[in-house]
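What follows is a short report on a single structure.
Numbering (this note's numbering), first residue to last: 32 to 262.
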């Protein structure tokens, strides 16, 4: 029996480098300084911190913003001056061009919601057709928009005189001047002087046109005759 020969063909295998020696040790991570680690941590958490800060700021603004008064009616007009004047004087004339009213003050403020003027340190002059001159001063005044009503308040003093007659003085804390009617009224205590005579009353109505003075309420009078008059 003849011997049988067989051939085995193996595929070409890639060459693998072989290193003979100890196994290489893995490189150890580099330890960063603590300042660098802190900086990186801050950079990583900075966006989150800013978001939290913005949320806290928004909450604080909401809490700090004053809430509208629930008792105020919607659309209510606020009492704010729309213009003001300082060291002013106003003059009114009649149809013949004669001065009838003069108004001065340190400061004037106009309020559109009431159409009124508030005046500080007011001085008022009235001139009648009969020539009577009436001067009034007060700490404050409120004048209606049409100028027909003047409310004087605070240390009110009035001097009224016609021709050569003895002047008539009023002193009080409140006085209403009705310009067209040429009347002065008060429902507060008032002192009246003319010459050496003096009166105090609880209320007063002085009509320049009719030339009448009405003292109301509890009245006290001190009458002093002029020199030379009979007792």
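Where is the CB? At the ideal position from N, CA and C, for every residue including glycine.
Computed from a predicted model, the values in this text were never measured in an experiment.
Boundaries (first-last residue) of the beta strand (DSSP E) holding residue i
i           : result
residue 143 : No beta strand (DSSP E) contains residue 143, which DSSP labels as neither H nor E.
residue 251 : 251-253
residue 217 : 214-217
residue 169 : 164-175
residue 238 : 234-238
residue 187 : 180-192
residue 197 : Premise fails: residue 197 is in no beta strand (DSSP E) and is neither H nor E.
residue 243 : 243-247
residue 117 : 114-124
Check whether residue i and residue j have beta carbons under 9 Å apart
i           : j           : result
residue 166 : residue 182 : no
residue 294 : residue 207 : The structure shown does not extend to residue 294, since the chain is modelled only from 32 through 262, so no value can be given for it.
residue 223 : residue 202 : yes
residue 216 : residue 234 : yes
Spatial neighbours of residue i in its chain, beta-carbon cut-off 8 Å, leaving aside the 5 residues before and after
i           : result
residue 113 : 141, 142 and 143
residue 254 : 228
Proximity to residue i [Cα-Cα], best of the options
i           : options              : result
residue 229 : 93, 256 and 185      : 256
residue 163 : 247, 249, 213 and 80 : 213
residue 187 : 211, 68 and 220      : 220
residue 231 : 82, 247, 211 and 89  : 247
residue 148 : 87, 117, 129 and 130 : 117
Cβ-based neighbour list, residue i, same chain, cut-off 6 Å, excluding 5 preceding and 5 following
i           : result
residue 225 : 197 and 199
residue 238 : 214
residue 153 : 136, 169 and 172
residue 245 : 236
residue 156 : 133 and 166
Pairwise C-alpha distance: residue j and residue i
i           : j           : result
residue 168 : residue 111 : 25 Å
residue 177 : residue 218 : 23 Å
residue 175 : residue 150 : 11 Å
residue 160 : residue 252 : 31 Å
residue 193 : residue 158 : 10 Å
residue 68  : residue 95  : 39 Å
residue 204 : residue 134 : 19 Å
residue 91  : residue 85  : 10 Å
residue 83  : residue 185 : 57 Å
residue 80  : residue 70  : 14 Å
Residues near residue i by beta carbon distance below 7 Å, same chain, minus five either side
i           : result
residue 261 : Per-residue confidence for residue 261 stands at a pLDDT of 47, beneath the threshold of 50, marking its modelled position as unreliable; the derived number appears in the next sentence. The answer is none, since no qualifying residue turns up.
residue 124 : 130 and 131
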